[in-house]
Amino acid sequence: MRIACLGGGPAGLYFAISMKLHDPAHEIVVLERNRPDDTFGWGVVLSDETLDNLAANDAVSAARIREHFAYWDDIAVVHDGVRTVSTGHGFCGIGRHRLLLLLQERARELGIELRFESDIPDTAIDELRREFDLVLAADGLNSRTRQRYAEHFQPDIDVRACKFVWLGTHQTFDDAFTFIFEKTEYGWVWAHAYQFDADTATFIVECSEATWQAFGFGEMSQQESIAVCERIFARHLGGHALMTNANHIRGSAWINFPRVLCARWSHDNVVLMGDAAATAHFSIGSGTKLALESAIALAEYLHREPDMASAFARYEEERRTEVLRLQSAARNSTEWFEQVERYLDLDPVQFNYSLLTRSQRISHENLRLRDPEWLGSA
Ligand SMILES: Cc1cc2nc3c(=O)[nH]c(=O)nc-3n(C[C@H](O)[C@H](O)[C@H](O)COP(=O)(O)OP(=O)(O)OC[C@H]3O[C@@H](n4cnc5c(N)ncnc54)[C@H](O)[C@@H]3O)c2cc1C
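Residue 369 in the UniProt record's numbering sits at position 369 of the sequence shown, with consecutive numbering throughout.
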């Protein structure tokens, strides 16, 4: 089969790898607009369960990914200066940059052609469809393919209320996934911070639209808005700077999270995957997991089902259920952060409890198993 993967993010690269592992005769090209070592974003969170799925699919890349994992067990909540910690949560993180380099390396070893600096305009997608047997549209959140065939995919995009910016820092957060809530002159601003390699942590800053407007973040350059965030979180940064790696974006890099759903995931020989097909809010850390596990599933169905149409149908049926499950948890979590001002007057332990159970994926009984002592104090 001749396959074009549009987008060299986790979905595009891992689908290419998975297809080659099923059948080395496939001719696969990955088309990526960026250079090999450009990336937007910092670390991503994966679970041990996802890593087991990756290991069953490709032990080689899974072992390399595992080598670079940062692990942590605790969640700390710093609410107006008071820190409460619960344990037993078990996360692992890896730099997105590192993950992509490992997947690129594995793809090359398997004979996949990687074409960087290939920005595919939407008019060229029709040509790709004629030239290749299958076009995987793994072109991310703002997928041009999804827009080009919008009448077939019928996307439903819900732009959420809060503003956020994805930053990094060399301040250490290696003992816990840390949520920090700071009261400012313009309202509450909070950060989601987690370590992903020996000396770097992701530091996502988020606030309501009203607070964002009042600060004037929309009119600031990235460096100006970073300086304001450094001032807001100064007592947590230990003198370390906040950093951006979105220098290619002009003006403010703050965005509202778009929740993407599509009525259909395929059209003739084009199929959507990863953020192009569906997104789950970053506060439940599942976007990369969805992309990688969808890649495994589609590659499997393409080799198990009698033809491409039935493989696409099985893929969509099976993966949609998982996506909807995570999107439901993500919606609860998103709404919790959107309405956070309702909870901020709770005492710190009650506030922490509310935060931990926000997505309804962690129940009171789960907390009893994870950290009975902390639950007792709540
Ligand atoms: C702030 C934030 C924090 C996050 N944290 C986590 C987390 O902790 N855990 C987690 O699992 N996920 C997280 N995610 C989500 C995760 O980043 C995405 O879900 C994941 O990257 C999806 O992979 P993808 O391959 O579908 O898309 P992407 O990673 O977006 O890759 C798409 C690729 O396509 C390329 N491309 C797009 N259009 C074209 C074109 N026309 N021509 C050529 N190339 C093109 C892009 O350059 C890009 O490389 C987070 C997201 C955000 C915004």
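Positions of the beta carbon are idealized from the N, C-alpha and C atoms, including for glycine.
| Asked | Found |
| --- | --- |
| Could you check what DSSP says for Gln222 in three-state terms: helix, strand or coil? | helix |
| May I ask you to report which of helix, strand or coil DSSP gives Phe337? | helix |
| Could you tell me if the beta carbon of Asn34 falls within a distance shorter than 6 Å of some heavy atom in ligand 1? | yes |
| Give a single yes or no on whether Pro258 has its beta carbon closer than 6 Å to a heavy atom of ligand 1. | no |
| Provide the residue span of the alpha helix (DSSP H) that contains Ala4, from first to last. | Not the alpha helix (DSSP H): Ala4 falls in the beta strand (DSSP E), residues 2–6. |
| Identify every run of the alpha helix (DSSP H) within the region 235–322, keeping only runs that are complete inside it and at least 4 residues long; order them along the chain. | 287–304 |
| Alpha carbon to alpha carbon, how far is Thr169 from His97? | 15 Å |
| Measure how close the beta-carbons of Ala278 and Leu292 come, nearest whole angstrom, since I'm counting them as under 8 Å. | The pair is not a contact, with the Cβ atoms about 14 Å apart (cut-off 8 Å). |
| Have a look at Ala16, His267, Asp275 and flag the residue whose alpha-carbon is nearest the alpha-carbon of Phe257. | Asp275 |
| Going along the chain, which residues of its own chain have a beta-carbon closer than 8 Å to the beta-carbon of Leu102, five neighbours each way excluded? | Ser61, Arg64, Ile65, His68 |
| Which class does Gly12 belong to by DSSP, given the choice of helix, strand or coil? | helix |
| In the DSSP assignment, what residue or residues form a beta bridge with Ala70? | Gly93 |
| Closest by CA to Glu185, which one among Gly216, Thr178, Trp166, Thr202? | Gly216 |
| According to DSSP, His192 sits in a beta bridge with which residue or residues? | Phe179, Ile204 |
| Is Cys229 near Leu242, with beta carbons less than 7 Å apart? | yes |
| Can you tell me which of the three DSSP states His26 falls into? | coil |
| Name the residue from Tyr194, Arg148, Ala150 whose alpha carbon lies nearest to the alpha carbon of Trp72. | Tyr194 |
| Within 6 Å: the Cβ of Phe282 and any heavy atom of ligand 1? | yes |
| Can you give me the C-alpha to C-alpha distance between Asp371 and Arg129, rounded to a whole angstrom? | 52 Å |
| So Ala198 is in the beta strand (DSSP E); what residue range does that whole segment cover? | Unbroken run through Ala198: none, as it is neither H nor E. |
| Using a Cβ-based criterion (distance less than 6 Å to any ligand heavy atom), does residue 390 qualify as near ligand 1? | This structure cannot speak to residue 390, because the chain is shown only from 1 to 378. |
| How close, in whole Å, do the beta carbons of Ala295 and Ser18 come, if the pair is a contact with beta carbons under 8 Å? | 5 Å |
| Which residues share a DSSP beta bridge with Glu113? | Val29 |
| Leaving out the 5 sequence neighbours to the left and right, which residues in its chain are closer than 6 Å to Ser86 when beta-carbon positions are compared? | Ile75, Asp371, Trp374 |
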